[in-house]
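Take a look at the structure set out below.
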Amino acid sequence: MRRPLPLLLLAIGAIYGAWAIAHGSPYTLRVLSVAGIYALLALGYLMIFGQAGALALSSGTFMGIGAYAAGIAAARYGIGFDLALPLAVGLPVLLAALVAIPVLRLQTHYFALATLIISQIALLVATEWVGLTGGANGIGGIGGLTLAGFPIRAGWQSLALVWSAVAVGGWLAARMTGGLAGAGFAVMRADGATARAIGLDTDALRFAAFLASAAYGGFAGALYVHTIRVVSPDVLGFPVMVTCLTIAVVGGRRRVAGAIGGAVLVTLLPEWFRALRDYYLLAYGAILLAVIVLLPEGITEAAETLLARLLRPAPAPLPPALPVPPIAVTRGPLLEIDALTRSFGGLRALDDVSLRLAPGEVLGLIGPNGSGKTTLLNCVTGLYRPDAGRIRFLGADITRLPTHAIARAGLARTFQTVSLVAEMSALDNVAIAVEAASVGLLRALGGTGPQFTRARGIARTLLEAAGAAEVAQLPAGSLAYGIRRRVEIARALALRPRLLLLDEPAAGLNETEQADLAARLRDLAQGGLALLVIEHNMPFLLPLADRMICLDHGRVIASGSPAEIQSDPLVIEAYLGRGAA
Amino acid sequence: MDLGQIVFNLLALGAAYALVALGFVLILNATGAVNFAQGDLVMAGGFAAVSFASMLDWPGVLLLPLVMAGLALVGVAVALVAYLPLRRRPPESVFISTIAVGIIAQNAATLGFGAQARAAPPLLPGGDGPGQKLAIILVAAALIGALYVMFMHTQTGRRLRATAQDRDIAAAIGIRVDAMVIATFAVAASLAGAAGLLLANLFFVTPVDGANYILKAYIAVTIGGWGSIAGAVTGALLIALFEVLWPALPLLLPGLDAISGAFSQTMSTIALDIVILLLLMLRPQGLFGQAARSRA
Amino acid sequence: MLLEIENCFVSYGQIAALRGVSLGVPAGGAVALLGANGAGKSTLMRTIIGLLRPRAGRIRFAGTDITALPAASRARLGLGYCPEGRRVFPGLSIRDNLLVACWAGRAERARRLEQMFTLFPALGERPGANAWQLSGGQQQMLAIGRSLMNAPRLLLLDEPSLGLSPRLTEEVLGRIPQIVASGTAVLLAEQNAARALSVCGHGSVLRLGELVLAGPAAELAASPDIRRAFLGG
Chain A
1 MRRPLPLLLL AIGAIYGAWA IAHGSPYTLR VLSVAGIYAL LALGYLMIFG
51 QAGALALSSG TFMGIGAYAA GIAAARYGIG FDLALPLAVG LPVLLAALVA
101 IPVLRLQTHY FALATLIISQ IALLVATEWV GLTGGANGIG GIGGLTLAGF
151 PIRAGWQSLA LVWSAVAVGG WLAARMTGGL AGAGFAVMRA DGATARAIGL
201 DTDALRFAAF LASAAYGGFA GALYVHTIRV VSPDVLGFPV MVTCLTIAVV
251 GGRRRVAGAI GGAVLVTLLP EWFRALRDYY LLAYGAILLA VIVLLPEGIT
301 EAAETLLARL LRPAPAPLPP ALPVPPIAVT RGPLLEIDAL TRSFGGLRAL
351 DDVSLRLAPG EVLGLIGPNG SGKTTLLNCV TGLYRPDAGR IRFLGADITR
401 LPTHAIARAG LARTFQTVSL VAEMSALDNV AIAVEAASVG LLRALGGTGP
451 QFTRARGIAR TLLEAAGAAE VAQLPAGSLA YGIRRRVEIA RALALRPRLL
501 LLDEPAAGLN ETEQADLAAR LRDLAQGGLA LLVIEHNMPF LLPLADRMIC
551 LDHGRVIASG SPAEIQSDPL VIEAYLGRGA A
Chain B
1 MDLGQIVFNL LALGAAYALV ALGFVLILNA TGAVNFAQGD LVMAGGFAAV
51 SFASMLDWPG VLLLPLVMAG LALVGVAVAL VAYLPLRRRP PESVFISTIA
101 VGIIAQNAAT LGFGAQARAA PPLLPGGDGP GQKLAIILVA AALIGALYVM
151 FMHTQTGRRL RATAQDRDIA AAIGIRVDAM VIATFAVAAS LAGAAGLLLA
201 NLFFVTPVDG ANYILKAYIA VTIGGWGSIA GAVTGALLIA LFEVLWPALP
251 LLLPGLDAIS GAFSQTMSTI ALDIVILLLL MLRPQGLFGQ AARSRA
Chain C
1 MLLEIENCFV SYGQIAALRG VSLGVPAGGA VALLGANGAG KSTLMRTIIG
51 LLRPRAGRIR FAGTDITALP AASRARLGLG YCPEGRRVFP GLSIRDNLLV
101 ACWAGRAERA RRLEQMFTLF PALGERPGAN AWQLSGGQQQ MLAIGRSLMN
151 APRLLLLDEP SLGLSPRLTE EVLGRIPQIV ASGTAVLLAE QNAARALSVC
201 GHGSVLRLGE LVLAGPAAEL AASPDIRRAF LGG
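Rendered as structure tokens:
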């Protein structure tokens with residue numbers, strides 16, 4: 001059993017549910033229904049906040065809009081819960097799609113503000129547009145839940161319907177947060193630039209997560225309005241959002257079990273602590289504060305860590321190794337950079353840089369600190385837009401392509417500091433890059449199990465080739481630095497690149513590890529892969545490179561064989577200062 | 001209402017908002033984090049004024065130092081409980097921990113004072129009148145002026161600013177960074193306290209007011225350019241201008257009477273919200289910001 | 001020795017950046033710390049001022065063990081730090097950038113400010129200008145000035161020539177003899193080996209986190225080993 005906690009919680013929940021249905025008062029059953037509704041809301045919030053890592057403050061509003069849509073449909077037009085669902089889910093999703101385009105790319109705090117403002121507008125409109133919404137009093141007399149025309153009675157029937165929805169919603173959320181999509185989200189949270197560099201379309205992922213959160217919110221709202229039987233501006237108020245945030249933080253923001261368990265806990269706590277009555281809300285704030293300070297990952301993740309320590313579960317078995325699909329061999333120039341220029345403020349970081357790279361060639365790129373080497377790499381991989389100049393790869397112009405498209409075209413890179421996802425296994429770190437192009441929430445809904453298994457099989461082969469097979473199942477964060485470097489190179493190769501850009505690959509390696517890395521890189525080059533290597537470590541680079549280029553102040557000051565570069569007076573001056581030659 | 005009165009109202013409101021926004025931006029600069037409890041500290045300042053007034057029969061202007069000192073202590077507590085333990089975590093942790101502080105403050109106020117609206121005593125003894133508005137403007141201007149002098153012309157002010165701009169280097173030139181951050185929270189909270197006293201007299205104070213004020217501060221700082229202190233004051237004045245002028249438009253331009261429904265207080269808030277959303281989309285660096293500094 | 005570093009090991013996570021470095025700076029002396037990019041120069045500087053903690057080893061300054069002291073205390077003991085990439089406080093004026101780093105009384109502060117304006121006349125021209133408005137060279141002088149404002153006994157200068165034109169490099173490094181003459185010891189980290197050795201009495205060479213060469217500046221400058229340490233071969 002790899003994940004004992006969800007099963008444990010499920011068992012406790014089932015027993016408690018059975019007890020409540022047998023002995024609970026109608027009031028208890030209604031509170032449990034509301035808990036289920038909040039669980040659905042929190043499952044949506046899990047997507048945008050927990051998985052995509054965006055601090056959205058609009059999920060409560062999506063639920064409120066769903067509630068108003070279903071409530072108005074029922075009270076004004078007599079449309080029941082089930083028939084109004086497309087509207088109750090569709091309206092928040094539509095709104096999310098509209099605001100996402102301009103708002104979703106904003107930085108953390110601006111995004112939080114933008115979503116907060118959208119929430120305030122929704123609340124004010126609901127309060128003011130009396131003709132449609134009933135104003136501050138809202139709309140009462142809304143009927144109970146219905147399903148395919150049949151009324152669902154309050155009490156255990158409603159409870160069963162709500163919790164069936166939670167079960168389905170939880171299962172779908174587990175699909176969207178597990179497997180390939182979950183791994184994709186993990187890479188994106190760890191470092192957005194890395195995620196794009198291994199071919200993940202992070203913008204699309206974040207957009208889909210935002211829409212999913214709106215859909216869950218709208219569904220929860222429709223259930224809510226038919227359970228409470230009234231709709232009023234309260235449902236659009238900030239306290240709903242705060243409850244949602246509290247559930248996520250207390251329960252555990254990245255786990256399906258955390259969203260559901262957190263919702264039950266946060267809804268039932270006030271019932272259990274009725275004696276505290278007035279002080280309860282005070283305690284509520286104190287609990288939120290204590291959890292964020294003491295258990296920043298939430299209760300479920302803390303419990304999971306604890307259980308893992310107690311049970312020491314065996315890691316998932318390694319999948320059978322699969323061959324890496326071959327790469328078509330091409331002739332002609334691979335990378336052509338012409339007159340590339342990029343400035344930061346007044347400083348020209350790259351000034352009219354041109355270079356060529358042929359298949360199978362190893363080009364060493366050197367230059368003093370601040371000479372523009374990493375800027376060049378960032379321009380080639382699309383992280384920066386050049387101000388002028390052109391980059392062609394395999395004959396196609398890639399100057400303005402987004403990073404993930406460049407990566408998928410066969411141009412892979414490693415970073416100065418190894419950027420693997422620490423808590424993910426080495427195998428999965430590589431597997432996600434194998435299938436980066438097919439990571440998406442819609443695809444995740446259909447299940448990505450077989451794909452992920454195949455990707456892991458290929459990843460295993462890549463890790464074996466990189467000399468890291470024995471650590472495949474260990475979390476990447478636990479590995480020694482030299483091994484992590486190998487895993488990172490295996491991940492880059494998972495893109496099946498024609499060209500690999502390496503930014504200081506030998507940094508932090510001891511001499512044995514350096515020699516090993518050099519030998520592996522040479523093998524790769526002999527297999528037809530072109531390498532562009534930035535390195536300061538000359539004993540490492542000189543024997544490896546076929547040709548070298550030296551940058552200084554953003555310009556190419558020398559180009560030639562390693563021996564020529566080594567004795568070039570301009571290079572010596574750039575490094576050692578005038579008169580040193 | 002004549003134009004002079006409108007200008008007076010505008011400046012009084014803008015001055016109070018400016019104090020709120022200043023507290024917000026000081027903490028933002030010093031920590032890189034949003035203090036979501038800033039609005040609730042304003043509310044707490046209002047209730048502090050109400051409770052001091054019930055004990056001492058003093059005018060607001062004498063209560064002001066008491067309220068500011070009390071809130072400074074609250075600010076230190078917020079720094080110790082909700083900021084320092086999380087200083088090495090991503091900024092949204094502080095966002096959430098200060099939301100929790102806000103919930104605590106809001107419910108403590110409900111327990112202590114009930115849900116009904118209370119009013120703080122006016123700054124000057126005596127009745128309502130333009131004199132009170134003028135006093136508010138003068139008090140706020142004096143506070144902002146004192147803050148300006150402290151920040152720009154004292155060693156402590158220089159150290160606070162240096163800490164806000166580069167913590168590592170501040171430490172490397174001898175500044176005790178954590179002490180500076182705690183001091184910043186104290187200053188920011190006492191500004192919120194002053195704003196709370198003024199606003200609790202201009203309007204009323206209820207325990208749920210915080211959400212409104214935090215949004216105003218957030219918006220003022222966004223308009224003014226994330227992290228800019230002068231921008232925060234300007235942004236606050238612009239919000240006040242918007243809030244005072246929008247409902248007054250039909251009075252100033254009689255032709256608009258026909259659609260007077262569009263000039264309610266609520267419509268002014270919605271209009272402001274839409275303007276801010278457009279601003280965020282088109283100029284995320286703020287109206288006056290040079291370039292968005294990505295300290296977030 | 002004013003500064004003594006004994007067998008220091010520093011890591012970033014699991015990456016070893018310094019492996020057993022020992023180094024001394026005599027009172028009133030000037031030592032050049034040489035090495036290519038990534039050799040560990042900045043790491044050593046940051047460790048001395050206290051922004052990084054060594055995993056093992058000791059640092060003594062003026063007879064006191066400062067290994068466990070926070071950076072702020074070290075600065076107040078008389079260590080001046082001029083970081084790589086200048087890192088002046090962009091929103092503070094030239095005057096405030098200098099004043100903020102001084103822990104002496106008001107009169108003494110004013111005196112030192114005048115001293116800095118004498119040492120770097122360019123700074124005295126517009127003392128009210130904000131630091132972000134300055135050119136790279138002016139920012140570098142401001143950063144050096146800031147690190148001198150507390151009259152340190154030892155000045156740590158980390159790559160002052162970075163991003164400067166040869167003429168400006170000349171101008172900045174040319175001030176070092178003056179600083180040493182006034183009684184402040186200097187530890188100068190530089191890639192520009194020839195120039196650094198011309199203004200320092202001693203030199204030490206780092207390669208991949210280890211000290212590989214050390215000796216009097218004149219000897220090092222003439223040694224073929226130094227080129228090997230940078231460019232291999």
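Protein chains in written order, with this note's numbering: chain A, 1 to 581; chain B, 1 to 296; chain C, 1 to 233.
Using N, Cα and C, we set each Cβ at its ideal position, and we do this for glycine too.
As the structure is a prediction and not an experimental result, all values here were calculated from the model.
Three-state secondary structure (DSSP) of residue i
| i | result |
| --- | --- |
| T222 of chain B | helix |
| D278 of chain A | helix |
| N7 of chain C | strand |
| R520 of chain A | helix |
| C550 of chain A | strand |
| V21 of chain C | strand |
| L123 of chain B | coil |
| A291 of chain B | Any reading at A291 of chain B needs caution, since the residue's pLDDT is 41, under 50, leaving its predicted position unreliable; the model's value is listed next. Three-state DSSP puts A291 of chain B in coil, outside helix and strand. |
| L282 of chain B | helix |
| D191 of chain A | coil |
| A396 of chain A | strand |
| C102 of chain C | coil |
| R309 of chain A | helix |
| C200 of chain C | coil |
| R227 of chain C | helix |
| P130 of chain B | helix |
Same chain, Cβ closer than 8 angstroms to residue i, five either side skipped, listed in chain order
| i | result |
| --- | --- |
| Q106 of chain B | D40, M43, P207, V208, G210 |
Proximity below 9 angstroms, CB of residue i to CB of residue j
| i | j | result |
| --- | --- | --- |
| L94 of chain A | F207 of chain A | no |
| R196 of chain A | A407 of chain A | yes |
| V256 of chain A | L43 of chain A | yes |
| G360 of chain A | A519 of chain A | no |
| A35 of chain A | T246 of chain A | no |
| V67 of chain B | Y218 of chain B | no |
| G298 of chain A | G258 of chain A | yes |
| L52 of chain A | G218 of chain A | According to the sequence shown, residue 52 of chain A is Ala rather than Leu. In this structure, G218 of chain A does not lie closer than 9 angstroms to A52 of chain A by Cβ. |
Reference residue i, options the options, closest by Cα
| i | options | result |
| --- | --- | --- |
| G17 of chain A | A:A515, A:H536, A:L161, A:E564 | A:L161 |
| G174 of chain C | C:N150, C:G137, C:E4, C:E84 | C:G137 |
| R30 of chain A | A:E271, A:Q51, A:Q120 | A:E271 |
| A82 of chain B | B:I27, B:V50, B:L123 | B:I27 |
| I59 of chain C | C:C82, C:E219, C:S22, C:R95 | C:S22 |
| L276 of chain A | B:S260, B:A240, B:A195, B:L111 | B:L111 |
| A412 of chain A | A:L289, A:W171, A:G80, A:F393 | A:F393 |
| L99 of chain C | B:L71, B:R161, B:L63 | B:R161 |
Residues near residue i by beta carbon distance below 6 angstroms, same chain, minus five either side
| i | result |
| --- | --- |
| A122 of chain A | T61, L236 |
| I21 of chain A | W156 |
| N9 of chain B | V244 |
Cross-chain neighbours of residue i in chain B, by beta carbon under 8 angstroms
| i | result |
| --- | --- |
| I292 of chain A | L86, S93, I96, S97, A100 |
| P127 of chain C | Correct list: empty, because the minimum Cβ distance to chain B is about 14 angstroms. |
Amino acids of chain A, ordered along the chain, whose beta-carbon sits closer than 7 angstroms to that of residue i
| i | result |
| --- | --- |
| R118 of chain B | Going along chain A, no residue has its Cβ under 7 angstroms from R118 of chain B, so there is no contact; the nearest lies around 18 angstroms. |
| T206 of chain B | Here the premise fails: no neighbours, minimum Cβ distance about 14 angstroms. |
| I15 of chain C | Y481, G508 |
Partner residues on chain A for residue i, Cβ-Cβ distance less than 8 angstroms
| i | result |
| --- | --- |
| R283 of chain B | Per Cβ cutoff of 8 angstroms: no residues; R283 of chain B is ~11 angstroms from chain A at best. |
| L208 of chain C | N537 |
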